[in-house]
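Asker: Chains G and Y are the protein sequences, given in the same order. Just so we're aligned: 17 in UniProt numbering is position 17 of the first sequence, and the numbers increase by one with no gaps anywhere. Just so we're aligned: 15 in UniProt numbering is position 15 of the second sequence, and the numbers increase by one with no gaps anywhere. Think of the CB as a built atom: it goes at the ideal place given N, C-alpha and C, for glycine as much as any other residue. I'd like to ask you about the structure that follows.
Number of protein chains: 2
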Amino acid sequence: MIGKIHKQMSHDSWLFSKMATPEYTPFVFLLLLFQSSVWGFPVCQTPQESPTCGYKPGMLNVHLVPHTHDDVGWLKTVDQYFYGDRNDIQHAGVQYILDSVVDQLLKNPDRRFIYVETAFFYRWWKQQTDDMQNTVKQLVNEGRLEFVNGGWCMSDEATTHYSAVIDQMTMGLRFLNDTFGHCGRPRVAWHIDPFGHAREHASMFAQMGYDGFFFGRLDYQDRNRRMVAREQEMLWRASESLTPPMADLFTGILPNGYNPPEGFCWDQSCDDPPIRDDPDLEDYNVDDVVTRFLHIAHGQALVYKTNHIIMTMGSDFQYENANLWYKNLDKLIRYVNQMQSNGSEVNVLYSTPSCYLQELHRANLTWPLKGDDFFPYADSAHDFWTGYFTSRPALKRYERISNSYLQTCKQLEVLGGPISRKGPFGAGDSETLKKAMAVAQHHDAVSGTEKQHVANDYARKLANGWAHCQVLVSNTLSSLSGSSAPRVYCEHLNISVCPLTETSKKFSVNVYNPLARPVSWPVRLPVNGTNFYWSVLLTLSLPFSLSLSISLYPSLSLSISLYPSLSLSISLYPSLSLSITPSYSLYPSIIISPSQSFSPQPSSLLSLCASIVTLRDFLSSLFCVCLSRYNASDGNNSESIQMSGAYIFRPNTSTPFIISKTAKIETLQEVRQWFSPWVSQVVRLYTDSRALELEWTVGPVPIGDDLGKEVISRLDSSINSSGVFYTDSNGREVLQRRKDYRPTWNLRQSEPIAGNYYPINSRAYIKDDKDQLTVVTDRSQGGGSIQDGSLEIMLHRRLLYDDVRGVGEPLNETSDIYPEGLVVRGRHLLSLSPPATAADTHRPLAQEVVLQPLITFTDGELHPSTRLEFSGLQAVLPPAVHLLTVSQWDQDTVLLRLEHQYQASESKEHSQPVTVNLQKLFSTLDVLGVSEMNLSANQWKDEMTRLDWKAESGTHHTGVTNQLSAYSAL
Amino acid sequence: MIGKIHKQMSHDSWLFSKMATPEYTPFVFLLLLFQSSVWGFPVCQTPQESPTCGYKPGMLNVHLVPHTHDDVGWLKTVDQYFYGDRNDIQHAGVQYILDSVVDQLLKNPDRRFIYVETAFFYRWWKQQTDDMQNTVKQLVNEGRLEFVNGGWCMSDEATTHYSAVIDQMTMGLRFLNDTFGHCGRPRVAWHIDPFGHAREHASMFAQMGYDGFFFGRLDYQDRNRRMVAREQEMLWRASESLTPPMADLFTGILPNGYNPPEGFCWDQSCDDPPIRDDPDLEDYNVDDVVTRFLHIAHGQALVYKTNHIIMTMGSDFQYENANLWYKNLDKLIRYVNQMQSNGSEVNVLYSTPSCYLQELHRANLTWPLKGDDFFPYADSAHDFWTGYFTSRPALKRYERISNSYLQTCKQLEVLGGPISRKGPFGAGDSETLKKAMAVAQHHDAVSGTEKQHVANDYARKLANGWAHCQVLVSNTLSSLSGSSAPRVYCEHLNISVCPLTETSKKFSVNVYNPLARPVSWPVRLPVNGTNFYWSVLLTLSLPFSLSLSISLYPSLSLSISLYPSLSLSISLYPSLSLSITPSYSLYPSIIISPSQSFSPQPSSLLSLCASIVTLRDFLSSLFCVCLSRYNASDGNNSESIQMSGAYIFRPNTSTPFIISKTAKIETLQEVRQWFSPWVSQVVRLYTDSRALELEWTVGPVPIGDDLGKEVISRLDSSINSSGVFYTDSNGREVLQRRKDYRPTWNLRQSEPIAGNYYPINSRAYIKDDKDQLTVVTDRSQGGGSIQDGSLEIMLHRRLLYDDVRGVGEPLNETSDIYPEGLVVRGRHLLSLSPPATAADTHRPLAQEVVLQPLITFTDGELHPSTRLEFSGLQAVLPPAVHLLTVSQWDQDTVLLRLEHQYQASESKEHSQPVTVNLQKLFSTLDVLGVSEMNLSANQWKDEMTRLDWKAESGTHHTGVTNQLSAYSAL
C-alpha cells in the first residue's frame, strides 16, 4: 500500500496493524476505533443534526454558554484541582464541578454545558458508576453536555512543540471517541485562556477537523480596532504551505475574555447579586437585572456582525455548585424573554460554541482573513506577556527532552511488542509519560506560569513517566539485543554525572536514535579519570566529562563496548575539563563552582573566535555573542506599575546590562567564556557539523541588589536585517517578524524590548541577501531582534515580584534543594548559510535537537551472544519526511504519523512532494492495512467534512506581507 | 369551662373558638391544627419509631450529624442570606443550601440532614414546586431530613424576653406542623451558637415538649471541668417553681462547638483535604484520614459517658454545595467501618441529634443535675461575652416596644374580627410584625452583634410591621368606636415629637391597655406651647413636652378629649421644660442640645434627692445614682489583646470613670441631671407610683480621644448585699448571682468587671434583710454588683475596635442620619421595698413596661356617636395571672396563653395557685371549646410525652445554692 504525502508541511495520522507472523495480508480497514459508527450512530442532537439550537429568527439571539475553565495545574497541581485539595490556595475542585453540572443538567432539558479538559473529565469518569456513565452518555447524545476542544489539556501556544501538542490532543480526543463515539467529538477548538495564539495551533486545529476556534486574549490595540471594524470574527489562513481551506480556521474572539458580562457572574466564587424575584422578600431586582442585561446585549451586538452574540457564562473552576448559575440563568432567560411580549427583540437561550458557530455559518457572510498570528499579547501599554516565553527554562527543557524520550519509548513499545510492557524488568508502560507530557502542555505548565510547587509536580510527573518508560525500554532492548543485563539510565549527563561510568571499569553504551535517518551526536561521558585521563584528573581532582561522537545508523545501533576500545570512539573529541559539583536541582541543570581567582581578561569573542579555525565561517557576520541581562521592572521607576513576572516581561531599561565587557576565556578544543561567576558559556564546533554549539550556563542569578534579572544571549552580526527577523511557530512553520510593527494594525509601540519579543520554539533567524544566521534552541525561549543584525534570546529569569496576573508568586525558583537559586544550562546551535539553503540545515538540525538519541548503559562485559545492531526501519526515509509518531494504538494497531517537514519554497531541494512506501517501511512489522485519519486520529480522513467559510478579499495578512498600514489607527 | 393554672410560673397555650352569635356551646376539642394526626399518622422513621438509627451495640458509635447553621441575619440581612446576595460580605446563600441538601439526600438513603431555622425554610418552601414539596415531605417522613429546634430563628438567650421567644418558636413550629404534621415536629432543641444559655430558655423548651437540648458555647473553665468529670451531658432543672420533671431538660454540650473535628471540614468554605481515594492520583490519603479520625473519636469518647458520641459535621451557612460534604462523608463512613474487619471497634453512622439523644436515653444512666444557668460566657480569661447584653441599646428598646405593639395588634385583631384585616383603612395584618419580631429574636439581632446595615434592616422590618399593624389597629378602633376618623400614630413621643399634637387646636387621644388589669401610665405630649404654656415657650422657643397621667381601666379607655379639658388631665404634672431638637436617629432616641453655658454645680444626687419630698423613701438606702463610663480596652494596654466589641465587654480599668463628679441640676417637678453635654438624666416620681423613674439620655458618646466608651448607671446604696445580687432570666424567673463565683465550678476570676456581668432582661435587685432595691429596665441590658450595696447597669456602648468574633465592625453606631453617633434614651424604674413584698411591686411593674399602652390620636372634634369606652374582658384577671397571648389562630380559633407570673415563694400573697374561668373571661367572644396545648402550641397537652431522665443525687446547683466549692478546680 502506498501512502502519499502530497503537501508540504502536512502531517497525517495513520493507523496500521502488525501481525506476529510475518505473513502478507491484503489491506483492510481497521474499524476498532469507531465501533459506534459501525454499529449504528446515535442521533446526536448537536448543531449539525439539530438545526436551530433554539434561536429566534429576526431577533438578537444571545447564546449563553455555561462553561468552566479548569486549568490542568496552575496554583495547585492537577490532582489537587481534581479533588479540591489545598483549597487554602485556591478554591477549586473539579470532581465536584462535574458532579454538580450533571445533576443540574438533569433538572431542565434546556440547560447546556460544555466541557473542555479531558485530563479532568477522564479522572472523573473512571470514578463513576455505570448508571452515571449512562446518564452522561445520554446528556452527550442529546447535546446537553458538549465537549469542546477536548484535548487532554488546553495547550499553551507560545512554548509548546507541535509534536507534543498533537500527542496531547490525540489522547484527549481519543478518550472522548472511545467513550462517547461521534457525539462526543468536539467541533470547536476553544483556547480561551492562552496568552497569545500561534498560527501553527490554528493550522493543527484545522487539520484535526475543527469547524471553528474561539479564544479570549489578544492585544488590546488589536481588539479595539476589531471591535470598531466588527472584525472580531474572522477566517484564519493558518499555513503558507497548505492549500486553502486545508488550514483555514474560522476564528472568533469572545466578548469578555471568557468571563460573563459584568454583573452577571452567579458562581459561588462571584459576588454579583442573584436574581431576587420573590416580591415578598427585600430587594426584588428583576427589572434591574433585565434592564442591565438588555443594555449589555445591545452594546455587544454593535461590535459583532450577525444577529447572534455569545456570552461565556463561567470562568476559572466555576460550576462547582452549578445550581447557583443555572437557577439564576433560568430566571434570566425567563424574565428577559418575557419582555418579548412587550416588544423586546432580544432572545436569550442556553447554547454552546458549536451552536453559536452554526448560526454564524448560516448567516452566510464573508469574513476578514487573518494570516499572521496573535503574538505578542499585551493587555495594556506596558504589559506584554512575553516573559513566559522563557519563564522556568529548566522546566521548559525537561519538557522538551521528555518529549524526545516519550517518542523513543513509544517507538520501542511498538518495536518490542507485548514484552515491552511486561518483560524481564517488570511492568513498563508509555501511558504514564504520555499523560505527564499531555499535562505538561497546559498553558500554565510548560509556559512556566504556575506556582513553584506545581512546577515541581509537573517535573515529578515527568520523572515518574520516565521511570515507567525505562522499564519498557529495558524490556525492549533486552528483547532486541538478547541480553537481559540491567540497563542504567544516566539522566544527569548534562551535568556530567553518571555513577556507573564514573565508577565502572568496564561498561557498554547503547544508543537508540529515534529519527528515521542517521545523525551525528556528541556525547560527553564522565569517567573515572585515573584510569584513562590521569592528566586531566591531576589538574582538577574532580569528575569530568569526555566527548564521544557516535555515528548513528538507522535506527538502532546497539552496545558499543567502550572498553577497551574507548580511545577509538572518543578520538574526535579529547577530554575537556569542567569543574563540576553535584547537582541539587530538580530539573536538569548545573551548578558551577567558579574558579577561585576570577578575573576577566581583555579578550572578546571576536578575537576568541578567530583563534579557532573551524569557527572562521562565522567571523564575517558575527560581531559578538554576548551574555547580557535586563534588570526587571519592579513597578516603581516608570510610568506604569507593571512588574516583570512569570507572565510578563518588562525590563526597567531598554538597553541590556553587559554582564562583563570581557570574559575570562580558556581555549582548549572548545572556547570557555566566563562572564561572571554565574554566567558562562562554552563554544564548540564538531567536525562535519554545520552548526556552532553555544552551551550557556546561567545561575544562580544574584538578587542581593534587590533587582530581578532576565539574562539574554545576544548575537550581533553584520547581517543587514532591516528590522525583520523570523521565528518559528510551535517548532514548525516560520513567521516573519518586524520590529515595532504588526501586520494587522497600526501599532503604537510602548515597550521597545518586551513589545518586540516573540516565542521561539525551535529556531529564529535573521537574514539578508547573502547570509542567514539561524539559531536552533533546545527549548522554547523568547527573543527578538532589537537592533539590525542582532538576535537576542532570553535564557533565564529570576524575579522578585509577582506580575499580578494571578500566579501570586515571584518567579524566584528557589527550593530547599537549590536555596541559592536555580542554575540552568542549555544549548544554542548557530548556523550560517546562504538564505536559499538555510532550511536544508536548520530543519534537520532542529529535529535532531527535538528527538535526541537515547543512551543507556550496562555494566561489565557484554554477553557474547548480545545482538549489537538493530534497525526498525528497512531504509531511511526521504530527507523531507519526518517520522513524527510511531505508537501502539491497541493490541493490533499502530498509529503512524509521517510529516513533510519543509515549508513551501524554503528549500529548492526539499520543498517538494514526496512519496513513501508504507509497506516497505518497517523491518519487523507487516502492514495488514492502513486507514488514513485526521491529524488527531479521531476521524477517518474521508469522513472529515468541515464547515466552509467565505473570506473577504484583500484582508489576508501574513507574517510576510508588506502591507504596512493596512488599517488606520483607532 | 374552667381552666386551671395550677403551677406557679407555668404558662400554657390554649386554643379556643369564638362564634359570632353569643350562644353557649359545650366544650369541644378543636382539631384543625393537627389534621394529620386525625386522618392517619404517616409512619415517621424518626428515632422513636425507628429504634436503632443504625448503631452497632458494643462498639463506639460515632453519630455524624450533617447540619448548617444559618443565622437569620448577621453580617448580611436575612433576605440577603436567603438569596445569597452580597456575597462580597460573606459567602452564604440559604436557597442554595436547601436546594443542594435535598438533591444530595436523594442520592443515598443513608444520608441525613437536620434543618433548624424555619424563617429560611419557609422562604424556600414557598418557592418550590408541588413535586419538590412532596419529595421533601417524603424525606421528612423517612427521617432523612429532620427538623431540630424549629423556631423561626435560633433565639438569643441573653437579651430576649420570654414572650417574644414563645411567639417566634410558635410561629416556626406551627409552620412545620402545618406543613409536615407530626413527622415534622422537632424533638430536640438546638442552640449551638448563642453566647451563653438562659435557664428560662431551658424551661420553655421543656414546656414546649422537647426531649433534649444541645448547645455549643459555655465558659471555658466550666467546659474543662465537665470534660474531665464527664459531665458534658446533664439534666437541667430549669425552674425553681415548676414541679420536676415539668421543667427538666436533658442538656448536652457538643464536642466542637458546632463545628466538625479539626481536619474534617469538607464544606466549600473549608480547606481541609478531601478524601483522595484514587490510587492512580497523587496524594492518596485514605489511611491518613482513617487514622486521624479514629484518634479523634477515641479522644472524644474519653470525655463523654456512653459509647455513643456525636460530631457536628457542618457550620455557618455550610452545605451550599452539599455534595462536597456528603461525598467525603460517604467515603469516611465506608473506610472507617471497613476497619472493623481488622478489629476496629468504631462504627460511624449518619445520624441526627434525636437519634443520638435516643441512644443516650437508652443507655439508662444517671446524669448530673444543673440548676443555675450558663452566664456569663467567656471563651478565655479576658474574653467575656458580656458586652452584647447592652450592645445597640436603641435597637434593644425598639425590639421591646415592638413586642408590646405586636401583642396589642394581635389582641385587636381578635377583638376586631375580620374587619381588622380588611376595613375602612385598607388591608392590615399582624403577620408582618410577627415575622419581623420573630426575626428580631435571632442571636445576632436583638443581641446587637450584627453589622450596622443589618441592624438597620431589623429596624426597618419592625417599622414595616408597625405600619401593617397600624392599619389593623385603625380598622379595629374604627369598628369598636364607631368612628372612622383617621388615626394618627405618634411613634416619636419619646423624643417629644408628634406633629399632630404640636399643630392641632383640637385632638383626641385614644389609649389601649393590653394588660388585663388597670394601670397608671405617664404620657407626655408635645403641644404648641403658645396656646397653653406661653411662659415655657418664652424661655425656650422650642417644642416641649407635657406630662399627662391617665388612669386606664380594663381594658380600653377610648377617646379622652383633651381640648378644652386639657388642664384637668395634666393637673398632676405641670409642664416641664426640655430643649429638644428633631431626631435624626433611626431608632427611638433623642438628641439633646446642651445648654450653651454648661457648668456643673456642686450638688450630689443625695442632696438633690433630699429636695424632693416624695423621693425620701429612697434616701435611707441610696447613696448615689451616678452615670459613669468605662473606657473600652483597645487590646494594647493589658495582658491579652482582647478588645471590647459588639460581643465582648472588656474595660481597660476596673474602676469606672466618673463622667462628672457633680451634675448640673435643675429641679422642677422632676430632677434633671446633666453629667456632661452627652450624659443626662431626669428623675421623676409619679403620685401613687411605687417606683422612681430615672430617664437617662446618653450620646453621642464622644470618641475624639480615640477611646471607646461604655456608659453605666451605678446605684450605690447602704444595702448589705454581701456580694449577692439577682437578675431575671428572659424577663421571668430570677436567679441569684454572686460576685466572683459560679455555682458549678471553682471560678478563677480574670476580669473583675466583665466577668461579673449578667444579662438583665427586665429587672435586677440587691437586698438585705430589710430592704430590696429593684431596678426594672425598659430593655435588655447588662449589669452586675461590683461593690456591696451597688448595682450597675450598662446603658450604651460606643467602640472603636472589632472584638474579632466575626462581626468585623466596631460597634460605632453611626450612619448618615446620625453622623455624630447615636443618642439613646431609656428608663429605669427603681423600687425600694421590704424583700418579702418586693415581687408584689416589681412583677406588675415589669409587665407594665413590657406591655405598654398604645396611644393613638384623631384630629378635630369627635363625632358625637363615637363610643368612648370598650373592654375586651368581662373583668380583670387575678393579679397573679398575666394575659400573655391573645392571638387569632385561624378563622374560628384563637390562641390564648395565661401565665402565672409569680415565682415560687417570692410573694406571700401571689405565689399561690389561682383559678381562672375562661368561659367568663371575654366580653365579646363566646368560647365554644378549649384545647390545652403545650407552650409552643404544636402538640396537644395530653399527647405530650417526653423522654424521662434520671438525675444523679447531689449535683443540683441553682442560683440560690451556697455550695461554694462543689468541684475542685481542674
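Spell out whether any CB of chain G is found under 8 Å from the CB atom of Gln268 (chain Y).
Answerer: yes
Asker: Kindly indicate the opening and closing residues of the alpha helix (DSSP H) around Ile712 (chain Y).
Answerer: Not the alpha helix (DSSP H): Ile712 (chain Y) falls in the beta strand (DSSP E), residues 709-717.
Asker: Return no unless some Cβ of chain G is closer than 8 Å to the Cβ of Glu431 (chain Y).
Answerer: no
Asker: What's the C-alpha gap between Arg946 (chain G) and Gly209 (chain G)?
Answerer: 6 Å
Asker: Terminal residues of the continuous alpha helix (DSSP H) containing Asp803 (chain Y)?
Answerer: From DSSP, Asp803 (chain Y) is part of no alpha helix (DSSP H); its letter is neither H nor E.
Asker: If Pro743 (chain G) sits next to Asp372 (chain G), beta carbons under 8 Å apart, how far is it from one beta carbon to the other, in whole angstroms?
Answerer: Cβ atoms of Pro743 (chain G) and Asp372 (chain G) come within 8 Å of each other, at about 4 Å.
Asker: Please classify Leu365 (chain Y) as buried or exposed, where buried requires at least 16 neighbouring CB atoms within 10 angstroms.
Answerer: exposed
Asker: How about Leu281 (chain Y): is its C-beta nearer than 8 Å to some C-beta of chain G?
Answerer: yes
Asker: For Leu873 (chain Y) and Phe922 (chain Y), I'd like the C-alpha separation in whole angstroms.
Answerer: 4 Å
Asker: Report the neighbours of Gln127 (chain G) on chain Y: residues whose CB is nearer than 8 Å to its CB, in chain order.
Answerer: Here the neighbours are Asp278.
Asker: Cα separation between Val671 (chain G) and Gln903 (chain G)?
Answerer: 35 Å
Asker: By the three-class DSSP mapping on this structure, what secondary structure does Arg276 (chain Y) have?
Answerer: coil
Asker: Specify whether the region 86-96 of chain Y and the region 270-278 of chain G touch according to this definition: at least 3 beta carbon pairs, one from each stretch, less than 8 Å apart.
Answerer: By the Cβ test, the region 86-96 of chain Y is in contact with the region 270-278 of chain G, since at least three Cβ pairs between them sit closer than 8 Å.
Asker: So, is the C-beta of Glu710 (chain G) closer than 8 Å to a C-beta in chain Y?
Answerer: By the rule that beta-carbons nearer than 8 Å mark a contact, Glu710 (chain G) does not touch chain Y.
Asker: Roughly how many angstroms lie between the CA atoms of Ser936 (chain Y) and Asp193 (chain Y), to the nearest whole one?
Answerer: Going from the Cα of Ser936 (chain Y) to the Cα of Asp193 (chain Y) covers about 22 Å.
Asker: Ordered along the chain, which non-local residues of its own chain (more than five positions away) have a Cβ less than 6 Å from that of Ala880 (chain Y)?
Answerer: His900, Tyr902, His910, Val914
Asker: Using a cut-off of 8 Å between C-beta atoms, extract the partners of Gly84 (chain Y) located in chain G.
Answerer: Pro274, Leu324, listed in chain order.
Asker: Just curious, the alpha helix (DSSP H) that Leu106 (chain Y) is in, first and last residue?
Answerer: Run containing Leu106 (chain Y): 94-107, per the alpha helix (DSSP H) assignment.
Asker: Does the beta carbon of Asn456 (chain Y) come closer than 8 Å to any beta carbon on chain G?
Answerer: no
Asker: Looking only at its chain, what residues have a beta carbon closer than 6 Å to the beta carbon of Gly515 (chain Y), apart from the 5 residues adjacent to it on each side?
Answerer: A small correction: the amino acid at residue 515 (chain Y) is Leu; Gly does not occupy that position in the sequence shown. Only Leu851 meet the Cβ criterion.
Asker: One question on the structure: do Lys331 (chain Y) and Asp280 (chain Y) come within less than 8 Å of each other, judged by their Cβ atoms?
Answerer: no
Asker: Can you give me the Cβ contacts of Asp728 (chain Y) inside the same chain, cut-off strictly under 6 Å, excluding the 5 residues immediately before and after it?
Answerer: Val734, Asn761, Ser762, Arg763
Asker: Roughly how many whole angstroms lie between the Cα atoms of Trp949 (chain Y) and Leu249 (chain Y)?
Answerer: 9 Å
Asker: If you measure from the beta carbon of Ser100 (chain G) to each beta carbon in chain Y, is any gap under 8 Å?
Answerer: yes
Asker: Between Tyr96 (chain Y) and chain G, is there a C-beta pair that is closer than 8 Å?
Answerer: It does: the Cβ of Tyr96 (chain Y) has a partner Cβ on chain G nearer than 8 Å.
Asker: Can you check the region 850-890 of chain Y for any beta strand (DSSP E) of at least 3 residues that lies completely inside it and give the ranges in chain order?
Answerer: 854-859, 881-890
Asker: Going by the CB atoms, is the gap between Phe507 (chain G) and Phe857 (chain G) shorter than 8 Å?
Answerer: yes
Asker: If you pair each beta-carbon of the region 764-780 of chain Y with each one of the region 223-238 of chain Y, do three or more pairs fall below 8 Å?
Answerer: no
Asker: Is Lys950 (chain G) close to chain Y? Criterion is C-beta to C-beta, closer than 8 Å.
Answerer: no
Asker: State the Cα-Cα distance for the pair Gly708 (chain G) and Leu75 (chain G), rounded to the nearest angstrom.
Answerer: 22 Å
Asker: Taking all protein chains shown into account, do 16 or more other C-beta atoms lie within 10 angstroms of the C-beta of Gln749 (chain G), making it buried, or fewer, making it exposed?
Answerer: exposed
Asker: Residues in the same chain with beta-carbon distance under 6 Å from Ser953 (chain G), minus the five sequence neighbours each way, listed in chain order, please.
Answerer: none
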